[in-house]
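Worksheet: one structure, shown below.
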Amino acid sequence: MRCLASVERWMTHLASWSAAQAAGNIQARWADVRALVGLAATTEVLIAAYEDGAGSQLSTGSLGGSAATAYLEACLDFCDQLALDADVVPWTEPGLRLNVDPSLRDQTRAAWKAFSETPSPALEARKAFVDTVLAGAD
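Dropping the structure here:
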């Protein structure tokens, strides 16, 4: 859930920033878009792996795996627009209202961003991200 919460917050922040900065800064948003796309895709893979291993769909509170995946797909589609189009349409997806500690969510985002900005092979940055996601996991 930490990854999904990080994607949700990052998506909201990036969409707001992009709308405020308008068309003049399309290159300025590419690094964030690229990192966000990577985290959204990774989160989809993690959900699929969980569901495959558990033999059932992810369910946490009122959020099911299909709703999470649909949200992530909408994020990826919007990121395509952010990366390719000078004029940005507003982000209109409703929030997921995940019950994740904001500090854990923000730590996960920061660890992923550090990983995505590190040149290959980025083994230490990847380990730091995984450690952040797994910290305190049962």
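First residue of the sequence shown? That's 8 in my numbering, and the numbers climb one at a time after it. Think of the CB as a built atom: it goes at the ideal place given N, C-alpha and C, for glycine as much as any other residue. Small disclaimer: the values here were computed from a predicted structure and weren't measured.
Under 8 Å: do the segment 10 to 28 and the segment 82 to 102 share three or more Cβ pairs, one atom per stretch? yes
Only counting runs of 4 or more residues, tell me where the alpha helix (DSSP H) segments fall wholly within the segment 30 to 95, in order along the chain. 33 to 61 and 72 to 91
Reduced DSSP secondary structure (H/G/I, E/B, other) of W119: helix
What's the call for S13, buried or exposed, on a 16-neighbour Cβ count within 10 Å? Around the C-beta of S13, 16 or more other C-beta atoms lie within 10 Å, and the residue is accordingly described as buried.
So L65 and Y78 are in contact, right, with Cβ under 8 Å, and what is the actual spacing, rounded? About 12 Å separates the two Cβ atoms, so there is no contact after all.
Between the Cα of A121 and the Cα atoms of A26, M8, L141 and A38, which residue gives the shortest distance? A38
Residues near R133 in its chain [Cβ-Cβ closer than 7 Å; skip 5 each side]: F122
Backbone secondary structure at V140 - three-state DSSP: helix
Reduced DSSP category for T19 - H, G, I as helix; E, B as strand; rest coil: helix
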